[in-house]
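Novice:
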Ligand SMILES: [Cu+2]
């Protein structure tokens, strides 16, 4: 739990560094983000196995998911302005989310990702015109959305899709509402790069 919070802060710190457009810093920050991401995926496995049983009821994260998908689709079109708009809307959706009726497991997952996801959504919103940077934030935001969908359900069938080429072959995944591959990281340069890794219900 504490670990996760510390990693969250680390992400926030490296993210801010990335915004200062110093290329060395930016590369270092990306690498550190990747480490954090790997770690966070390990943590996820633990969280989801313990919380899946009592989840997927009462509260819907539909608005968060649909706004994330709008953001994802803007990135597939290389549309940095629409991505920024969706990022700002997503930040508001997290901010206004009503947590009062959550189960214990839902509350835990939501609070684990809330600050981090808001931070990434906010940066995407403020970086219209810099799609490279928006995509850096989208990597970790997608981890957060994955955690939420695993615990709450997505309100529709969703897919976890992996692109092995992004970030110099380190790869990254995203959440999609369609089986058809449209890559938000590489956009129109390589729209069909990606492989479905998991179906989420
Ligand atoms: Cu940023």
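Numbering (my numbering), first residue to last: 3 to 203.
Using N, Cα and C, we set each Cβ at its ideal position, and we do this for glycine too.
In this text, all values refer to a predicted model and were calculated from it rather than measured experimentally.
Where do the ends of the alpha helix (DSSP H) carrying residue 113 lie?
Specialist: Taken as a continuous stretch (DSSP letters only), the alpha helix (DSSP H) holding residue 113 covers 106-128.
Novice: Considering only residues of the same chain and omitting the five flanking positions on each side of residue 137, which have a CB-CB separation below 6 Å?
Specialist: Counting only Cβ-Cβ distances below 6 Å, and skipping sequence neighbours, we find 187.
Novice: Using CA coordinates, which residue listed in 63, 193, 85 and 72 is at the minimum distance from residue 111?
Specialist: Of 63, 193, 85 and 72, the residue nearest in Cα terms is 63.
Novice: Grouping DSSP H, G and I as helix and E and B as strand, with all else coil, what is residue 175?
Specialist: It is a strand residue.
Novice: Could you compute how far the alpha carbon of residue 99 sits from the alpha carbon of residue 89?
Specialist: If you take the alpha carbons of residue 99 and residue 89, they lie about 15 Å apart.
Novice: Measure from the alpha carbon of residue 84 to the alpha carbon of each residue in 166, 197, 97 and 126, then state which is nearest.
Specialist: Nearest of 166, 197, 97 and 126 to residue 84, Cα basis: 126.
Novice: Could you tell me if the beta carbon of residue 138 falls within a distance shorter than 8 Å of some heavy atom in ligand 1?
Specialist: Yes, since a heavy atom of ligand 1 falls inside the 8 Å radius drawn around the Cβ of residue 138.
Novice: Excluding the five sequence neighbours on either side, which residues of its own chain have a C-beta within less than 6 Å of the C-beta of residue 129, listed in chain order?
Specialist: Cβ neighbours of residue 129 beyond the five flanking positions: 135 and 136.
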